[in-house]
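Encoded as C-alpha cells, the structure appears first; notes follow it.
Number of protein chains: 4
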Amino acid sequence: MKNSYTGKEQYYGDYLALDKILNAQFPESDVKGVDAHDEMLFIIIHQAYELWFKQIMHETTSVINIFKDDNINDNSEAMQVVTHRLERVVEIWKLLVAQVKVLDTMTPMDFLDFRDLLTPASGFQSYQFRLLETKLGLKMEQRFEQKYYQKQLREEHIEGIEEAEKESSVFELLDKWLSRMPFWNEEKYWNNFEIPTGADKNLHPFWSSYRYVYQSGLMGSEKEEIAMKSFDELFFSDQEQRPVRLSAAASRAALFINLYREFPLLQQPYRLLSLILEIDELMATFRYKHIIMVRRMIGMRSGTGGSSGAGYLQGAMEKHQIFAEIAGIATYLIPRTKLPKLTAELSKVLSFHI
Amino acid sequence: MKNSYTGKEQYYGDYLALDKILNAQFPESDVKGVDAHDEMLFIIIHQAYELWFKQIMHETTSVINIFKDDNINDNSEAMQVVTHRLERVVEIWKLLVAQVKVLDTMTPMDFLDFRDLLTPASGFQSYQFRLLETKLGLKMEQRFEQKYYQKQLREEHIEGIEEAEKESSVFELLDKWLSRMPFWNEEKYWNNFEIPTGADKNLHPFWSSYRYVYQSGLMGSEKEEIAMKSFDELFFSDQEQRPVRLSAAASRAALFINLYREFPLLQQPYRLLSLILEIDELMATFRYKHIIMVRRMIGMRSGTGGSSGAGYLQGAMEKHQIFAEIAGIATYLIPRTKLPKLTAELSKVLSFHI
Amino acid sequence: MKNSYTGKEQYYGDYLALDKILNAQFPESDVKGVDAHDEMLFIIIHQAYELWFKQIMHETTSVINIFKDDNINDNSEAMQVVTHRLERVVEIWKLLVAQVKVLDTMTPMDFLDFRDLLTPASGFQSYQFRLLETKLGLKMEQRFEQKYYQKQLREEHIEGIEEAEKESSVFELLDKWLSRMPFWNEEKYWNNFEIPTGADKNLHPFWSSYRYVYQSGLMGSEKEEIAMKSFDELFFSDQEQRPVRLSAAASRAALFINLYREFPLLQQPYRLLSLILEIDELMATFRYKHIIMVRRMIGMRSGTGGSSGAGYLQGAMEKHQIFAEIAGIATYLIPRTKLPKLTAELSKVLSFHI
Amino acid sequence: MKNSYTGKEQYYGDYLALDKILNAQFPESDVKGVDAHDEMLFIIIHQAYELWFKQIMHETTSVINIFKDDNINDNSEAMQVVTHRLERVVEIWKLLVAQVKVLDTMTPMDFLDFRDLLTPASGFQSYQFRLLETKLGLKMEQRFEQKYYQKQLREEHIEGIEEAEKESSVFELLDKWLSRMPFWNEEKYWNNFEIPTGADKNLHPFWSSYRYVYQSGLMGSEKEEIAMKSFDELFFSDQEQRPVRLSAAASRAALFINLYREFPLLQQPYRLLSLILEIDELMATFRYKHIIMVRRMIGMRSGTGGSSGAGYLQGAMEKHQIFAEIAGIATYLIPRTKLPKLTAELSKVLSFHI
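Protein chains in written order, with my numbering: chain A, 1421 to 1774; chain B, 1421 to 1774; chain C, 1421 to 1774; chain D, 1421 to 1774.
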C-alpha cells in the first residue's frame, strides 16, 4: 500500500510522521548554553501527556457524538461502543498516572538547572486538559481560582473553552439520557407492584416503596432526619432549588440502574456509570500525583506560572470532580435482600427477546 | 533437609504452614446462612494486607536496630543494608497501593450483602498499621481525631502503641543521626572556605554563604521577608521555639546532603532521605486510595466502625505525614551553578580512600 | 454485631483471625541460628500468593458451578455474575504479576543465606496452583515434564488433582456451552440469508458464505492451501480426528461471537471469551516473570526441588496455555465491511425485547 | 523569560512545540474515507513509544559518553550520574511495558478496519529501537532472522545502524571498565590473603581460594565436571576460545562486585550491574508483551510487514538478550558465610577516606 502523503510504499517512520515528532524538542538550555541534561525529559514527558490528551479527546468526542442522538437504540451497537471507548480512556488515564513515576526520577536540583528558563510557562496552561475538563462538564464558574485561571491562559484558549462550554458536555448528555428512562410512566409496569404497608404513597409506586425501605434500614449512628432530607433533595427536589447539578430524574435513574444492574438491559448502563466514575477518580488521582510531585520538586515555593504550586493543585483536586452526584448514589443503596421486586411486565422489558 | 517442625523432608506446604494460612477464613455470612459471595474477598485482601504489614514491620525494626547504634560506621555495610531494606519497603507499599484495585471489583451492592455482619469492626483497628505509624514517628497527640482513635482500639492495643511510643522511632533516630554530621566543627575544613562579600558573617562560614546565595535567588513573587523567616526558623531556631519537630542541626544536615549528594560519602545518605520521603508519600497514597474506595463503597454514610468513613481518612491523610520537614527541604535548594564550593580538605573526607 | 467464634463484639483482628495469620511464619534460619534476614520475606510472599490462589479458587469454583447448569438463562444474572467474577480474577492475576517485583528485591546472595535450608521444597509443589490449572482444564498428560511433576508432589496432592480432573473443568464447560448455541438449526433464521455466488454450498448457509469471504481475503504471503486446511480443521473436522481439544461446534460459536459481538445477546459472551484469554495470558506472564526471577536468583543452577529451575518454567509456560484455540480465533476474522449480514429474524433474537 | 524561538513570553504550548506534536497524526483511513476510529490510537501509541525511545537514547548516549573516559574517577559524580540515569531508563521501560495495555483495548476486528492500509509498514522498522539495541551492544550478526531484518529496513537506516556498530557500545565499554579493576596485581593486597588447604594454587590467590570454595559447595544434583568446566570457561578461558562475548577479566570483576558489594567502593558498581540487567529484562518483557498482543490481534497470520508475526518476536526475545553473561554470574555465587575474607589492606582501599 502507498502512503497517501509521500506516495511511497508504507514505511513505519513515514506513516507515523516521525520526522515531525522526533524533531520537535527544543530545550532552552541548549540555546542558552546551560548544562541541563534533564530538560529533554521535561519536554518529552509533557509531549507524551499531550499526545495522550489528544487521544482521550478523540474518544470523548466520539462518545459525545453518540450521546447527542436523542434516541439511542439499545439494540444498536451504540452503548457497547461507548463503554468500550470509555474503557480505553480508563486505561489511558492509568498510564498517565503511572507516567508521573518517570518524572519522579528528576530531582529538585536537576530541575533547578533549567527551571528559570521556563518561567512563566506552566502545566496549568495545557489547553487540551482544560478543554477535556470542559467537555466532561466542568464549567468556568466551578473552577478553583477562576481568576488566576483566566489570567494564565491565552485569549484564544479562553475563547476556545468558552466555545466548548456552549456545546453539550458528557455531563449534560448523560443527565438527559438518564432522564429519558422510559418505563416509569407506563401503568402496565406498575399496576401489580407491591408497596409495603406504612410507606408514604404520595410518590410513584416504586419510590414510595424504596424510600420506605431505605429509611427503615438506617443505622442508629445516622441521623434519620438529615439522611432523609438528603435523600429527598437528591431524588425529588425541583430543578430550581437543587443544591446539585444532576437532575432529580437522572438521579433516580442512576440509582435504579445501580439497584437492578443484573437485568440485561441495564448491564451496559451500569457499566457506563462505573466507567464515568472511574475516569473522574483517575483524573483526581492524576492531580493528586502531581501535587505530590510538585511538592517534592519545589517544596512550598511558587510554581513557574506564579501559582501557589501544590496549593493550587490541591484546590483543583477537590473542586474539579465532575460526577460527584453519580458517585454519591452509593449513599442511597440498600441490601439486595430488601430490594423491591419488579413486576413480571417490567422484568420482561428489561430482558432479551428470547 | 528436614523441616524443623514436622521432622519430615521439606515440602512447600509444610514450610509455609499453609494449613494455618488457608484455614483461617471464617466468613460470618456462612455462619449466618447469608448469601454473600464477596465476603471471602474482603477477608483475604485484609489478611494479605496484614501479612505485608508484618513484613514491613520486619524491615522497619531491622532499620531501627541499625540506627540505634550511636556510631554507625560509614565503611561498614550498615548504610547499604538500610537503603536496601527501605527499597523493599517502597516496593511493598507500591504493591499495597495496587492491591486496592482488587477490592475495587467489589461493588457497593455486593458489600451491602454482609456489611452489617462486621459492625463495628473496621480497618481503623489494624493494630499493625497503627504500630507502624508509631515506629516511623507518629505520636498519639498528632493523630487526627485522637479520641475517636482511643475509643475504637482495644485496651491492649492502645497500651502496645503507648509502649512503642517510648522506644526510639525512625524519625527520632534519623534526627539524631543527621545531627551527628561530624565535619562542621573542625576548623581545617572551613579555613579556606570562601564567603561572598555582602553575606552576614555571624553564622558558620558555610551557612553565612548559603543563606546569602539563597536570599539573592528568590524570585519576585516570593516575599523575601516571609521566605527568610521560614529559612531561619527551619535551620537556626532553638529547639524550644521550633514550630516543627525536626531539629535545626538535622535540618541543616538534610539540606547539605541534598546539595552535595554527588560526593561518595553522601550518596547513601541522599538515597536514604529519598526513600524515607517515598515511603511517606506511598503511605499517603495508600490512605488516599482508601478514601476513594470507601467513598465508592458507602458514599457519605458512616463507616462500619461508626467513623465518618471517607472523612476520617481524609483528615488522617493530611495530618499523618511524618517526614514533612525532610520533604520541605526542596523549598530551600539553589541551582547547582551557584553552590558554594567545598574546600579540598572537606572534599577529600567525603570521598573514597583511593 | 457479635463475632460468631469469639462471642465478643466484632473486632478487626478477631474477624480476620490475625492470631493465626500472623503467627504462621517459621523461618528455618531462626531454628538453625543462621542469620538470614530475608527468609521472612520469602515466607510471607509465598503465603500471600497462596491466600490469593485461594481467592481465585473461590471465584473459579463459583463460575464452574454456574456453568454446570445445562441451560443457563441468558435473562438471569448468571452471565453478568460470571464476567464480573472473571474480571476480579484478572485483577488478582495482575496483582500477582506485580508482586514478583517485591521478590526481586531479594538478591542472589541474600537467597543463598538460607536456600539450602529449604531443599527440596519448591514452588513447584504449590497444590493450589496445580489444582487451579486443573480446574481451568489442564490435563496431567499435557503437563510439561509430567514425570518430574508426579515425583515432586505428595501422593495426597496427586490424588487430589486426579480427583479434580474427573470433574468438569472451565474448558469443558465452556466447550459445551458454546456448542449449545441454539439458532443454527432453526430454518427461519436462515431462509433469507444470502450466500455469495461462487461459494461452496455444501456447508450451513452461514459457513458457506463465511468460508468464501475468508478465503477471498487471504493475502499473497499466506499460502491459500495451508490456510484453508487450518480453517477446515478447526471449524469442521470430526471430533476423533481433531488436532485440537476444542470441538468444532464450539470453535464456530466462538468465531461467531467475535464477529457479531455488537448484538446485545452476544456482548456478555464476547466479554467472557476475552476475559478467559486474559487470564490465560496473565498466567503465562506470571510464569514468565518467575522464569526471569529464578534466572536472576540462581542463574543456571538447579532449583531447590532439583528441577532445571528456569528451564522447567520455560517449558511450562509454553505448554500450559489452556485456551489456545480460543486465542487462535483471531486468525480467522475478516474485516467488518465484509461481514455477512444476518437476517432480520436472527437479528431480532440477538436483541433486547423492547 | 522569552521563548528563544517565538520571542514571546514562555507559554506551555509554544515551549513544547505542540503545534508540531498535535498536528502529526495522519490516519490513512481518513484519506481513504474508511471508517476506522481506532487508527488514531494506533498512530498515537506508536508516536508515544518513539518519543520515549528518543528519551532513552538521550540517557544511553550520555552514559556511553561518561564510560568512554578510560579513567573514570570514582570520586567524581560520574558513577552516580550513570546509575541515576539508568534508573530513569528502567522507569521508562516499565512505562512502555505498561503502555501495551492501552493497545490491548483495540480488538482484532477494530484493527482489521485499517490493517490493510498499513501494509507493509511494521513496528519492526522502528529505527530508534534498532539503534538502541545496537548502542547497548547487539550486533547485526547476532540478530534473529538477520536477512529478513535487512530486507525490511530502508538503506539509510541499515547504514545508520552499521555506523553505530562501529562506535563503542555499552556492552564493550562496560567490559573494558570491568577489566580495568585495579587491585588484582598489587602484591600488597594479596600477601596476607589466606588460601584454604587443598586449593589449586596455580591461580591468583583470590581465585585459587574462590574456585575451591565454589567447587566444594556444589550440590549432588549438579555434575561437578560440567559445573567446573563452565566456571573455568567463563572466568579463565582465553579471549579467542571463549564461547561468550564478555571477557574473562570482566567476568571476574563482575563476580567480585557481586560478592563484595557491601564495600563502599563497590556499591555503585553493583547498582550499575543490577540496573543493566533490569534493562535487559524489561526489554525482553517488552518484546514478550508484544508477542502476546500480536497473537491476540492477528492470531497466526503474517504481520503487516510480512513477518511471521508473533513467531519473529519470540525469536528476537530469545536471541536479543545482550548482557546474558552478567546475568549468568548468579550461577557462580557462594553463601556469604563462606566468602574469602579480604585483607585489611584491600578492605581499606574499598572504603571511604574517613
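Every residue, glycine too, gets a C-beta built ideally from N, C-alpha and C.
{"Asked": "What does Asp1494(C) reach in chain A if we use C-beta pairs closer than 9 angstroms?", "Found": "Pro1684, Ser1771, Phe1772, Ile1774"}
{"Asked": "Hey, quick one: how far does the alpha helix (DSSP H) through Lys1559(A) stretch, first residue to last?", "Found": "From DSSP, Lys1559(A) is part of no alpha helix (DSSP H); its letter is neither H nor E."}
{"Asked": "In whole angstroms, give me the CA-to-CA distance for Tyr1435(C) and Ala1437(B).", "Found": "20 angstroms"}
{"Asked": "Phe1676(B) by DSSP, collapsed to three states: which one?", "Found": "helix"}
{"Asked": "Short of 7 angstroms in beta carbon distance, which residues of its chain neighbour Gln1562(C), apart from the five on each side in sequence? Order them along the chain.", "Found": "Lys1739"}
{"Asked": "Say whether chain E places a C-beta atom closer than 8 angstroms to the C-beta of Gln1570(D).", "Found": "Checking the listed chains, one finds no chain E in this structure; the protein chains it contains are A, B, C and D."}
{"Asked": "Going residue by residue through the region 1575 to 1655 of chain A, where are the continuous alpha helix (DSSP H) segments of at least 4 residues, counting only ones entirely within it?", "Found": "1575 to 1586, 1590 to 1599, 1625 to 1636"}
{"Asked": "What residue does the alpha helix (DSSP H) around Gln1789(B) start on, and which one ends it?", "Found": "Residue 1789(B) lies beyond the range of chain B shown here (1421 to 1774); nothing can be said about it."}
{"Asked": "Let's test the definition: count the other Cβ atoms within 10 Å of the Cβ of Gly1618(A) and tell me whether it reaches 16, buried, or not, exposed.", "Found": "exposed"}
{"Asked": "Please decide whether Gly1427(A) counts as near chain D, where near means a Cβ-Cβ distance under 8 angstroms.", "Found": "no"}
{"Asked": "Does any residue of chain A bring its CB to less than 8 angstroms from the CB of Trp1472(D)?", "Found": "yes"}
{"Asked": "Assuming Ala1416(D) and Leu1598(D) make a contact with CB atoms under 8 angstroms, what is their CB distance in whole Å?", "Found": "A query on residue 1416(D) cannot be resolved here, the shown segment of chain D reaching from 1421 to 1774 and no further."}
{"Asked": "Note down, in chain order, every chain C residue with its Cβ under 9 angstroms from the Cβ of Ile1464(B).", "Found": "Leu1471, Trp1472, Lys1474, Gln1475, His1478"}
{"Asked": "With 8 angstroms set as the bound, which would you pick, yes or no: does the beta-carbon of Glu1738(C) sit closer than that to a beta-carbon of chain B?", "Found": "no"}
{"Asked": "Less than 6 angstroms between C-beta atoms, sequence neighbours within five positions excluded: which residues of the same chain meet that for Met1421(B)?", "Found": "Gln1430"}
{"Asked": "Within the chosen definition, does the region 1565 to 1580 of chain D reach the region 1484 to 1495 of chain D through at least 3 CB pairs nearer than 8 angstroms?", "Found": "no"}
{"Asked": "If distances are taken between C-alpha atoms only, which option among Leu1506(A), Phe1446(A), Asn1443(A), Leu1516(A) comes closest to Ile1486(A)?", "Found": "Leu1506(A)"}
{"Asked": "Label Ala1764(D) either buried or exposed according to how many other C-beta atoms from any shown protein chain fall within 10 Å of its C-beta, with 16 as the threshold for buried.", "Found": "exposed"}
{"Asked": "From Thr1621(C) to Ala1668(C), what distance separates their C-alpha atoms?", "Found": "One detail in the question is off: residue 1621(C) reads as Lys in this sequence, not Thr. Going from the Cα of Lys1621(C) to the Cα of Ala1668(C) covers about 19 angstroms."}
{"Asked": "Hey, does Gly1580(A) have any beta-carbon neighbour from chain D nearer than 8 angstroms?", "Found": "no"}
{"Asked": "Could you round the C-beta distance between Glu1470(B) and Leu1594(C) to whole angstroms and report it? I think they count as a contact, below 8 angstroms.", "Found": "Actually they are not in contact, since the Cβ atoms of Glu1470(B) and Leu1594(C) sit about 36 angstroms apart, beyond 8 angstroms."}
{"Asked": "If you drop the 5 nearest sequence neighbours on each side, which residues of the same chain put their C-beta closer than 6 angstroms to that of Asp1530(A)?", "Found": "Asp1458"}
{"Asked": "Verify the CB distance criterion: does Asn1678(C) have a CB-CB separation below 8 angstroms to chain D?", "Found": "yes"}
{"Asked": "Measure the beta-carbon distance from Leu1654(D) to Leu1770(D) and round it to whole angstroms, keeping in mind my assumption that it falls under 8 angstroms.", "Found": "Rounded, the Cβ-Cβ distance is 24 angstroms, inconsistent with contact."}
{"Asked": "Return no unless some Cβ of chain C is closer than 8 angstroms to the Cβ of Leu1537(D).", "Found": "no"}
{"Asked": "Look at the Cβ atom of His1773(C), then the Cβ atom of Phe1772(A), and state whether they are nearer than 8 angstroms.", "Found": "yes"}
{"Asked": "Buried or exposed: which applies to Glu1607(B), given that a residue is buried once 16 or more other Cβ atoms fall within 10 Å of its Cβ?", "Found": "exposed"}
{"Asked": "For Lys1758(B), does the three-state DSSP call read helix, strand or coil?", "Found": "helix"}
{"Asked": "Look up Glu1429(C) in the DSSP assignment and give the residues it is bridged to.", "Found": "Lys1422(C)"}
{"Asked": "Alpha carbons only, please: which of Pro1625(D), Glu1579(D), Met1648(D) is nearest the one belonging to Ser1636(D)?", "Found": "Met1648(D)"}
{"Asked": "Compare the C-beta of Lys1768(A) with all C-beta atoms of chain C and state if any pair is closer than 8 angstroms.", "Found": "yes"}
{"Asked": "Since I believe Ile1646(C) is in contact with Ser1629(C) (beta carbons under 8 angstroms), could you give me their beta-carbon distance rounded to a whole number of angstroms?", "Found": "Ser1629(C) to Ile1646(C), Cβ: 22 angstroms. No contact."}
{"Asked": "Comparing C-alpha positions only, which one of Asn1678(B), Glu1701(B), Lys1709(B) sits nearest to Leu1532(A)?", "Found": "Asn1678(B)"}
{"Asked": "For the alpha helix (DSSP H) holding Arg1505(A), just list the boundary residues, first then last.", "Found": "1498 to 1523"}
{"Asked": "Can you list, in chain order, the residues of its chain with a C-beta nearer than 7 angstroms to that of Pro1663(B)? Leave out the 5 residues immediately preceding and following it.", "Found": "Glu1653"}
{"Asked": "Looking only at its chain, what residues have a beta carbon closer than 7 angstroms to the beta carbon of Val1501(A), apart from the 5 residues adjacent to it on each side?", "Found": "Ile1486"}
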